[in-house]
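Under UniProt numbering, the residues of the sequence shown are numbered 1 to 588, in order.
Just so it is clear, CB atoms sit at the ideal spot from N, CA and C, and this is done for glycine as well.
Quick notes on the structure that follows.
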Amino acid sequence: MSMDVAGAEAPVKGKFLGILVCWLLGNGSLFAWNSMLTIEDYYSHLFPNYHPTRVLTLSYQPFAFGITLIMTYYEAKMNTRLRNLAGFSLFFLGSFALIILDVATKGHGGLGVFIGVCIISAIFGTADANCQGALVGDLSLMCPEFIQSFMAGLAASGVLTSALRLITKAAFESSKDGLRIGAILFFSITCLFELACLLLYTFVFAKLPIVKYYRAKAAAEGSKTVASDLAAAGIIAEQQGQIEEDPQKYKRLTTKELLMQNIDYAIDIYLIYVLTLSIFPGFLSEDTGEHNLGSWYALVLIAMYNVWDLIGRYVPLIPCLKLTSRKVMMAAVLARFLFIPAFYFTAKYGDQGYMIFLTSFLGLTNGYLTVCVLMEAPNGYNGPEQNALGNVLIVCLLGGLFSGVVLDWLWLIGKGCASREEDWGLFPRAHRGAAIPLAEPRVLVADVVGGLRGAPARRLRCYCCSGTTVATLLLFLFTNAVSVAAISSGAGPSLLRRYGSYSKPTTTIVRLWDGCAALHAAQRHAGRADLAGLHARVRTANELLQTLLRAMQDNGGRDLCARIDLGNGTRVHSMDWANQEVSAPPNR
Numbered sequence: 001m002s003m004d005v006a007g008a009e010a011p012v013k014g015k016f017l018g019i020l021v022c023w024l025l026g027n028g029s030l031f032a033w034n035s036m037l038t039i040e041d042y043y044s045h046l047f048p049n050y051h052p053t054r055v056l057t058l059s060y061q062p063f064a065f066g067i068t069l070i071m072t073y074y075e076a077k078m079n080t081r082l083r084n085l086a087g088f089s090l091f092f093l094g095s096f097a098l099i100i101l102d103v104a105t106k107g108h109g110g111l112g113v114f115i116g117v118c119i120i121s122a123i124f125g126t127a128d129a130n131c132q133g134a135l136v137g138d139l140s141l142m143c144p145e146f147i148q149s150f151m152a153g154l155a156a157s158g159v160l161t162s163a164l165r166l167i168t169k170a171a172f173e174s175s176k177d178g179l180r181i182g183a184i185l186f187f188s189i190t191c192l193f194e195l196a197c198l199l200l201y202t203f204v205f206a207k208l209p210i211v212k213y214y215r216a217k218a219a220a221e222g223s224k225t226v227a228s229d230l231a232a233a234g235i236i237a238e239q240q241g242q243i244e245e246d247p248q249k250y251k252r253l254t255t256k257e258l259l260m261q262n263i264d265y266a267i268d269i270y271l272i273y274v275l276t277l278s279i280f281p282g283f284l285s286e287d288t289g290e291h292n293l294g295s296w297y298a299l300v301l302i303a304m305y306n307v308w309d310l311i312g313r314y315v316p317l318i319p320c321l322k323l324t325s326r327k328v329m330m331a332a333v334l335a336r337f338l339f340i341p342a343f344y345f346t347a348k349y350g351d352q353g354y355m356i357f358l359t360s361f362l363g364l365t366n367g368y369l370t371v372c373v374l375m376e377a378p379n380g381y382n383g384p385e386q387n388a389l390g391n392v393l394i395v396c397l398l399g400g401l402f403s404g405v406v407l408d409w410l411w412l413i414g415k416g417c418a419s420r421e422e423d424w425g426l427f428p429r430a431h432r433g434a435a436i437p438l439a440e441p442r443v444l445v446a447d448v449v450g451g452l453r454g455a456p457a458r459r460l461r462c463y464c465c466s467g468t469t470v471a472t473l474l475l476f477l478f479t480n481a482v483s484v485a486a487i488s489s490g491a492g493p494s495l496l497r498r499y500g501s502y503s504k505p506t507t508t509i510v511r512l513w514d515g516c517a518a519l520h521a522a523q524r525h526a527g528r529a530d531l532a533g534l535h536a537r538v539r540t541a542n543e544l545l546q547t548l549l550r551a552m553q554d555n556g557g558r559d560l561c562a563r564i565d566l567g568n569g570t571r572v573h574s575m576d577w578a579n580q581e582v583s584a585p586p587n588r
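Set out below in structure tokens:
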């Protein structure tokens, strides 16, 4: 079949299916990466000392941005089909590698495993550089509904991954090793979805009549990037000889000229993602404090962002709500920087309702402005120029993502571990979510005494006075003081409704949820999760009682003395910070 599109009208046949496939391909372009972000609760549990949400993003973005930049420079000679096939293949293989890594290490953390996860994150960045740039460039030379559907698919990937994560977390939360099982199931679904996207692009999208028309039209205008896709659809591109015969007819603007003509659009898309990624997901995951939702709080914030980001990407389909003025777009983009003080003061003083509202509005504006820019920018250019401009805008988008990820670390300024003498916390991450059984009802009195540079002693007393009433050891931290918490037996039920649950009438179970207030306060004030974890194991008559202690070392590295009296004479009397050991006399 030869290529002849002169004077032909764009066929309607296949348009709806094309919109659906574009939506699925957009979904697949970010599904694997969003999956990695959405299971931040699992990686935070597995790698408590490494800021996984921030570090994984930082390992992803340089590859996504750098490789996209290189490919954009050589865009006119790149094989679009090969880029997309390579990208979706890497997404599939990377997702499968995460499962293999977790199974091989039996769900254990450590630096080596974390480095492996970071390498896979970099592979996802490489895959993203192939897929997003190639697809946005390719779809820019087609009808605007395709690029809008693709961008909506990018946002939908966040919604789907958030929904799947909430489902798997709820389904496996009460089971043994449920966090890990849910994560493995999550990435198994990701593998299957990425494979489906690979097959859709390979065998379905290229053969749609409307897609063949636009690619043939671009080839007739001198585009070389669509030749492989046309060949896969059974169309022979014949433009090379025509270009050599009449080069002026197929002359196109250079990439630099396209950038200078659309510099405002480039700045818009860059600033949109600088602002968004400086807040999402790192700040939302680690710096928003502890609230009634417990370990679900960060997941809910991420889910709300993704839902409203998706909604925002459909708003421009309503003609009266679509932004077309370049000046108004720029003003709206600059106005979004008011989110920075808004999030700062809401995290410090506001309730979770205000934070959820702000996060939703952040997602809405992100999706809306992104689609407005990418739908308007290609208008008025021929096929090869539209493809090049699409690649340029994706470079700016990924540059904004990378810059935002780096700027996200600025939220940690002033939260150095050594600068806060009073910030201590309980419960190492390795044991959060674990059950602490008490063999018999007894009064549990825990005295935590700190001798930090002459500061007054801080004490925490928790009472468990009946078989069905239990109090969790909670130490609430503030900037310059540690509050004193005294929880009587009457306060037990209300506390448990918030942080835990009962197991049996005769056995008291305390669940230390992932969002334990003490740990999050320590992270908020200390700015890091690598607090020294201390374990005090005292054998009672029937079973091992694990008392979990977590505290922060002061500037001088002094020992922290702690005494735990179980009511039967058994006592933990000292801790060695250097060796992270706890000494205890034998049971009496």
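Query: Selected residue, minimal CA-CA separation from L46, among K15, Y73, G110, Y60; Result: G110
Query: Neighbourhood of T57 by C-beta distance below 6 Å, restricted to the same chain and skipping five residues each side; Result: V405
Query: Cβ-Cβ distance between N49 and G87 below 8 Å; Result: no
Query: Buried or exposed (CB count within 10 angstroms, at least 16 for buried), Y42; Result: buried
Query: 8 Å contact criterion, which L185 and T168 should meet: CB distance rounded; Result: 6 Å
Query: Straight-line Cα distance separating L17 from I70; Result: 32 Å
Query: Coil, strand or helix - I318 by DSSP; Result: coil
Query: G28 vs E145 beta-carbon contact at 8 Å; Result: no
Query: Whole-angstrom distance between M142 and L154, CA atom to CA atom; Result: 18 Å
Query: Buried or exposed (CB count within 10 angstroms, at least 16 for buried), P341; Result: exposed
Query: Supposed contact pair S89 and L198 - C-beta distance, whole angstroms, cut 8 Å; Result: 6 Å
Query: Simplified DSSP assignment, three categories, for I564; Result: Any reading at I564 is ruled out, since the residue's pLDDT is 34, under 50, leaving its predicted position unreliable.
Query: Span separating the alpha-carbon of residue 589 from that of A232; Result: Any question about residue 589 goes unanswered here, given that the chain covers just 1 to 588.
Query: Endpoints, alpha helix (DSSP H) assigned at C143; Result: No alpha helix (DSSP H) contains C143, which DSSP labels as neither H nor E.
Query: Proximity below 8 Å, CB of T68 to CB of G137; Result: no
Query: Proximity winner among R313, L398, A377, F343, relative to N366 (alpha-carbon distances); Result: R313
Query: Alpha-carbon to alpha-carbon, L407 and M329; Result: 23 Å
Query: Rounded C-alpha distance that separates V117 from F150; Result: 28 Å
Query: Enclosing alpha helix (DSSP H) for F280 [first to last residue]; Result: No alpha helix (DSSP H) holds F280; DSSP gives it neither H nor E.
Query: Span separating the alpha-carbon of G234 from that of A227; Result: 10 Å
Query: Delimiting residues of the alpha helix (DSSP H) encompassing I356; Result: 352-376
Query: Three-way DSSP call (helix, strand, coil) for P341 in this model; Result: helix
Query: For H140, the nearest candidate out of L398, G380, G399 (CA to CA); Result: Per the sequence shown, the amino acid found at residue 140 is Ser instead of His. Checked all of L398, G380, G399; the closest Cα to S140 is G380.
Query: Among L389, N84, L164, the one whose alpha carbon lies nearest that of S35; Result: L164
Query: Contact under 8 Å by Cβ, Q132 with L401; Result: no
Query: N-terminal and C-terminal residue of the alpha helix (DSSP H) that F63 is part of; Result: 52-73
Query: C320 classed as buried or exposed, judged by whether at least 16 other C-beta atoms fall within 10 angstroms; Result: exposed
Query: Cβ-Cβ separation, W308 to A152 (assumed contact under 8 Å), whole Å; Result: That pair is no contact at about 13 Å.
Query: Enclosing alpha helix (DSSP H) for F47 [first to last residue]; Result: First-last for F47: undefined, no H or E at that position.
Query: Local conformation of Y381 per DSSP, three classes; Result: coil
Query: Reduced DSSP secondary structure (H/G/I, E/B, other) of T202; Result: helix
Query: L496 burial status per 10 Å Cβ neighbour count (16 or more: buried); Result: Below a pLDDT of 50, predicted positions are generally treated as unreliable, and L496, at 33, falls in that range; no measurement from the model is reported.
Query: Whole-angstrom distance between L301 and T346, CA atom to CA atom; Result: 13 Å
Query: Beta-carbon separation (whole angstroms), A377 vs Y265, contact threshold 8 Å; Result: 5 Å
Query: Limits of the alpha helix (DSSP H) - the one that I100 falls within; Result: 80-104
Query: Secondary structure of L323, DSSP reduced to three states; Result: coil
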